[in-house]
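Structure below.
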């Protein structure tokens, strides 16, 4: 058993390695070092601190029993040495020594190690346009950034803000600014959707609508060209490809990049993704040096490709694996399927696996089903609509990804997690159709929304369900002369009949068999019901009557309204 | 493709087969028959109708778009023939005919079939004691029973009730009676815990406490000897092994038994569990006869044994499989891992796999970890304590079961479902430690409660965590002179120091290393913290100091209070 363990980085993975290793090997001498004076904090909580859900910064580095996780805590409660405001400068792999620098005094010293752990994390990407270094331009790298922004806001000095990048942090921080603080917030994204690396277009549109509904000004497909200081007052002018915005602060949320300089300078392998290469035991190319957390690259277990995945949950699991292995055990971290969730305003969003675009780029032939269904039994009083998009490879029927949104975020996460944990086993569409999750009316339907996502995809693959995405329908309906056959009740159809005249036909489901002669025979038709199953049934019936040029609007009216609340 | 399809039974599996088959084969002539006049209802919703969460009985047999699922609905919307108040009398397998009897007229007729589907369901078990047939003794077999009970209650004629059997239906109906209607309800169970076939003792005790907290009088380990009519007024006298209760109504909730008479008389195989034997394609021993739902036996994919599992969710999934196979497709239903959930009062309960007792009976060497942790990040404002018990086989480390409870039922179900879907793949403890579920502070912890259940079990199997169940601690502490070492803060410990004097030691975690000399060396000690991780850490540390006769109270004080709210 190695006696001297040095760990570089004291957030998430570093403390996890240290604490578990000390439990496994009480005799080990473990030293945690960090450049910062605040350590072992919940970085994912930063947006909630900025937004005010969490009042006290200390809550982010306290334990569940309210002990502050500072140097004294680690020494007294855990028996672990902590050096803060200390930077790792250079690894001497032959001598097994780490040169460090005390940032306050400038002094350097050398720490010998038997095993070294690199938990150096990641840093915000500073985009290439000019102005990223202005004083009113912030990133959210650590608690100090969060404090600075919150201080400005609490002084009443922020009325307008621009957030650059509509990834998870960008969305969370936009909510934080706009919601409690009432700051006029503009979110700018160069891709044509929010969460472009996380969601496909169907669920991304629901997320975007939630942002807009709650007052965030969303600019998609806009590239920031430059940020300049505002004349006459603090603040910035953000010039994009289409707009010029004058704002009090700018938050850069353009993603993060792994901190690998220390590793690279020591000659350790770094992958093409930019992360430190580790094996399944989380060892770098030097068997005496482990690495974990945001600084390493991981295998995506769906695509097989190496990727970066900066998530505190993965970091913690990796930390446990590293500690077990250092203490002489055998523990493996195989990779990630990209399971993810977030809350934006009242919407829970969850995903795992590949998006449609990623699947296509990886070489799959992806196809997806989109469904809308209540999370609980429809006859039970409390239920929320849940939207799921399930993606499979056409030929192998292998599940490639799942995405979901809905107001009951715990229930949304439940559906996605149940598929997520199976992804690495290579399950197929039939496995999702038969997924055995718990059923009781207060918590699920007998045929649950996740099973029905599988069923819909099965029907699409079988060719009996010929779908159109709700957003594609909205586009086509606005631009082409295609008619809608609405099989909902007369009451639901009336406003549409009035608005769209002869382009909107209504034959309620229970009359379709007797009135089939009224259905136009030789022109394309969009079929619409509440959530999709009845329009699918109508499609099948019409096909049996020789009417085959029909498109079943996936997720029905529920999905249309979630995608465009103004479509009356 | 077979043209004539007859389906016996029009609840859950029957309608599912009929509707999907009609979509797959629009030309098929499909006839659904049922003894009842009410069909295609959500039987699992009955307790919520009785309790008042659902006001209108019709809601239980309406679609999500408010169409009533009656004979006309199936004929007009689905193109399916329905015969109600018609009983299946006899199957002529050679002639491929089903003799049926019209219950109103007494007339019999013969229905030819190419494929026959048996969806005959299950009937309530009438326990062997005398009095089960008295007029004020009810079962909950169908909507008519529910209506009768609700009518009596709404007439103000029910002030007291006894429910016999603390299975899921027994608990749900006890809540229905006690909660909205304020009926003094006594729940009687002959086993020593509630939900004896569903939960192990740890989570069962939490469920029992919830029942008692909400005013249900719970009699465990009591056998009902007889029920007699009450003299002078409607009502019953229930005599048990320990009590005599005078009540206005009795509800029998002693489980259900599959309806297999029709199948047995036709010479179809029936298994030792009492259910109709089917293969993976849901075919009986006659390839022209399929069966599904509560009347069939299924393989338990964890134990390998055949079992009964009367659940609407399984019935619906089986219905889809049957329809696919009848139409010439290939679809398999492999069995069940017993995933289950229910809500009782404010508590969500969820489970999958085997209980500790079942695992032992099956021949495994089970060991379990019990953990308590918030469902969301502890620093996030909204979170609820979640209690999980995870069971594995000691030698193979294979996961055998998982059980959970907590106030956020959707979150409880999420954790159990994520393990449930993996059970049939034979996953082990390490897979649960590394389970990749979604993380964001509003929905989970970075090291989530389900991962920590795996971690705790891993530590128990490694021998470093030597646990005691909270309930066993309560028993031992009451009956033996063992001391508690409480490593929580002084403030938390004070009331216990006052109450238990020298039997309660308090050394806060951050002082344990400096005050270890105060810890008694040669006597057993119960180690206590808030939820378990710190007492585990203390155990490890004390072991390193040669103090090894310690028991870590699983789930800490949170589990103790959930098990016995009166333990101050």
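Residue numbers (my numbering), protein chains in the order written: chain A, 175 to 742; chain B, 175 to 742.
Each residue gets a CB set at the ideal place from its N, CA and C atoms; glycine is no exception.
Residues of the same chain with a CB within less than 6 Å of the CB of residue 365(B), apart from the 5 flanking positions on each side, do not exist. Just so you know, the alpha carbons of residue 555(A) and residue 704(A) end up roughly 18 Å apart. Considering only beta carbons, the part of the region 221-233 of chain B lying closer than 7 Å to chain A consists of 222, 227, 228 and 233, in chain order. Residue 710(B) carries a helical assignment under DSSP once its states are collapsed to helix, strand and coil. Looking at the backbone, the Cα of residue 503(A) and that of residue 628(B) are separated by about 16 Å. If you draw a straight line from the Cα of residue 382(A) to the Cα of residue 551(A), it comes to about 27 Å. Counting along the chain, the unbroken alpha helix (DSSP H) around residue 385(B) starts and ends at 375-387. Uninterrupted alpha helix (DSSP H) stretches at least 4 residues long and entirely within the region 637-703 of chain A occur at 644-653 and 664-674, given in chain order.
Residues of the region 672-698 of chain A with a C-beta less than 7 Å from any C-beta of chain B: 683, 684 and 687, listed in chain order. Look at the beta carbons and you see the region 437-445 of chain A not touching the region 409-424 of chain A: under three pairs across the two are nearer than 8 Å. Listed along chain A are 610, each with a C-beta nearer than 7 Å to that of residue 510(B). Here residue 640(A) is actually not in contact with residue 728(A); their C-beta atoms are around 10 Å apart, not less than 8 Å.
Taking CB atoms only, residue 549(A) has a neighbour in chain B less than 9 Å away. Separation of residue 507(B) and residue 623(B) (C-alpha to C-alpha, rounded to the nearest whole angstrom) is 31 Å. Taking CB atoms only, residue 422(A) has no neighbour in chain B less than 9 Å away. In the three-state reduction of the DSSP assignment, residue 228(B) falls in the coil class, being assigned neither a helical nor a strand state.
Closer than 9 Å to the CB of residue 348(A) there is not a single CB belonging to chain B. Cβ-Cβ separation between residue 295(B) and residue 410(B): approximately 27 Å, too far for a contact (criterion under 8 Å). Beta-bridge annotation (DSSP): residue 595(B) is not paired with any residue. Against chain A, the beta carbon of residue 486(B) has neighbours under 8 Å at 613 and 620, listed in chain order.
Flagged as an interface residue toward chain A: residue 705(B), by a C-beta distance shorter than 9 Å. Annotated three-state conformation of residue 605(B) is helix, per DSSP.
Look at residue 540(B) here: in three-state DSSP terms it is strand.
Distance from the CA atom of residue 254(B) to the CA atom of residue 597(B), rounded to whole angstroms, is 38 Å.
Within the model, the alpha-carbon separation for residue 566(A) versus residue 612(A) is close to 24 Å. For residue 469(A), there is no enclosing beta strand (DSSP E), as DSSP marks it with neither H nor E.
Assignment of residue 244(A) by DSSP, reduced to helix, strand and coil, places it in the coil class.
At least 9 Å separates the beta-carbon of residue 500(B) from that of residue 187(B). Within chain B, no residue has its CB atom less than 9 Å from the CB of residue 189(A), the nearest being about 11 Å off. Per DSSP, reduced to three states, the secondary structure at residue 320(A) is helical. Residue environment analysis places residue 570(A) among the exposed positions, since fewer than 16 neighbouring C-beta atoms fall within 10 angstroms of its C-beta. For residue 499(A), the nearest beta carbon of chain B is not closer than 9 Å to its own beta carbon.
Note that the C-beta distance between residue 669(B) and residue 742(B) is below 9 Å. Under the Cβ criterion of 9 Å, residue 584(B) is counted among the residues facing chain A.
Non-local beta-carbon contacts of residue 221(A) in its own chain, meaning distances under 6 Å to residues more than five positions away in sequence, involve 346, 347 and 350 in chain order. Cα atoms of residue 408(B) and residue 226(B): separation of roughly 24 Å, rounded to the nearest angstrom.
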